[in-house]
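J.:
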Amino acid sequence: MAGYRKLGRTSSQRKALIRNQVTNLLAHGKIVTTEAKAKEIRKVAEGLIALAVKERDNFETVKVTAKVAKKDADGKRVKEVVDGKKVTVYEEVEKEVKKDLASRLHARRQMLKVLYPVTEVPAEAAGKKRNTKEIDMVAKLFDEIAPKYADRKGGYTRIVKIGLRKGDAAMEVLLELV
Numbered sequence: 001m002a003g004y005r006k007l008g009r010t011s012s013q014r015k016a017l018i019r020n021q022v023t024n025l026l027a028h029g030k031i032v033t034t035e036a037k038a039k040e041i042r043k044v045a046e047g048l049i050a051l052a053v054k055e056r057d058n059f060e061t062v063k064v065t066a067k068v069a070k071k072d073a074d075g076k077r078v079k080e081v082v083d084g085k086k087v088t089v090y091e092e093v094e095k096e097v098k099k100d101l102a103s104r105l106h107a108r109r110q111m112l113k114v115l116y117p118v119t120e121v122p123a124e125a126a127g128k129k130r131n132t133k134e135i136d137m138v139a140k141l142f143d144e145i146a147p148k149y150a151d152r153k154g155g156y157t158r159i160v161k162i163g164l165r166k167g168d169a170a171m172e173v174l175l176e177l178v
């Protein structure tokens, strides 16, 4: 008996499908899929959430000075002429940055092996590249999802049966974060 469901796909297709579904589940909170796929997705998603819960407070804050380009009222960079060339003016700013400790950094890299990059498009700019923003799914796992499940010992997802699909009578389910 195999330790996983093959889902009628080659290993690379199966891995890509599971990665895609897990990323969408964590990005949106719920997905509709077949029962067999949901059970496989649940394994991976719960493992990632458990890892995030375990490592959520494993960082230190560090003060860093950084050079930032000076900007005018319009948000454009301020330039000044030096030796006949236009040069951007920089100012030093002190910032507090979260620095991951070794185990959290390893957990972050493990998550990045599974999660795809997610781009969020605003509703009014649908179909356009302008005003899209990249969502850091690992940061979302650590900052939003992990604190929500901090006091929970597993069982982060729920499978709710919807009914049979019209085309092939496969059991469709709603897989959601609890």
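So that you can map any letter, position 73 of the sequence shown is 73 in the UniProt record's numbering, and since no number is skipped, the others follow by simple counting. Idealized CB from N, CA, C, for every residue including glycine. Since the structure is predicted, the reported quantities are computational estimates derived from the model, not experimental observations.
Let's test the definition: count the other Cβ atoms within 10 Å of the Cβ of THR119 and tell me whether it reaches 16, buried, or not, exposed.
T.: That one is exposed.
J.: Assuming THR33 is part of the beta strand (DSSP E), what are its boundary residues?
T.: 30 to 34
J.: For the alpha helix (DSSP H) holding ARG5, just list the boundary residues, first then last.
T.: Careful: ARG5 lies outside any alpha helix (DSSP H) and carries neither H nor E.
J.: Are the beta-carbon atoms belonging to TYR149 and GLU46 less than 7 Å from one another?
T.: no
J.: Considering only DSSP beta bridges, list what ARG77 is partnered with.
T.: LYS71
J.: So, with DSSP's three-state summary, where would you put GLY127?
T.: coil
J.: Which two residues bound the contiguous alpha helix (DSSP H) that contains LEU105?
T.: Membership of LEU105 in the alpha helix (DSSP H) is indicated by the continuous run 102 to 114.
J.: Can you name, in chain order, every residue of its own chain whose Cβ lies under 8 Å from the Cβ of VAL81, other than the five neighbours on each side?
T.: VAL87
J.: Compare the C-alpha of GLU144 against each of LYS76, ARG9 and GLY29 and name the closest.
T.: GLY29
J.: In this structure, does DSSP put GLY163 in helix, strand or coil?
T.: Strand, per DSSP.
J.: Determine, using beta carbons only, whether VAL97 and VAL68 come nearer to each other than 7 Å.
T.: no
J.: Would you give the residue range spanned by the beta strand (DSSP E) that LYS140 belongs to?
T.: Careful: LYS140 lies outside any beta strand (DSSP E), inside the alpha helix (DSSP H) at 137 to 140.
J.: Alpha carbon to alpha carbon, what distance is there between VAL62 and GLY8?
T.: 49 Å
J.: Rounded to whole angstroms, how far is the Cβ of GLU40 from the Cβ of ARG77, which I believe are closer than 8 Å?
T.: Actually they do not touch by this definition, with Cβ atoms about 49 Å apart.
J.: Take the Cβ of VAL178 as the centre, count every other Cβ of all protein chains shown within 10 Å, and call the residue buried at 16 or more, exposed below.
T.: exposed
J.: So, is ILE162 buried or exposed, given that buried needs 16 or more other C-beta atoms within 10 angstroms?
T.: exposed
J.: Secondary structure at LYS153, three-state DSSP: helix, strand or coil?
T.: coil
J.: Give the straight-line distance between the Cα atoms of LEU25 and ALA169, rounded to the nearest whole angstrom.
T.: If you take the alpha carbons of LEU25 and ALA169, they lie about 23 Å apart.
J.: So is GLN21 buried or exposed if we call it buried at 16+ other beta carbons inside 10 Å?
T.: Burial call: buried.
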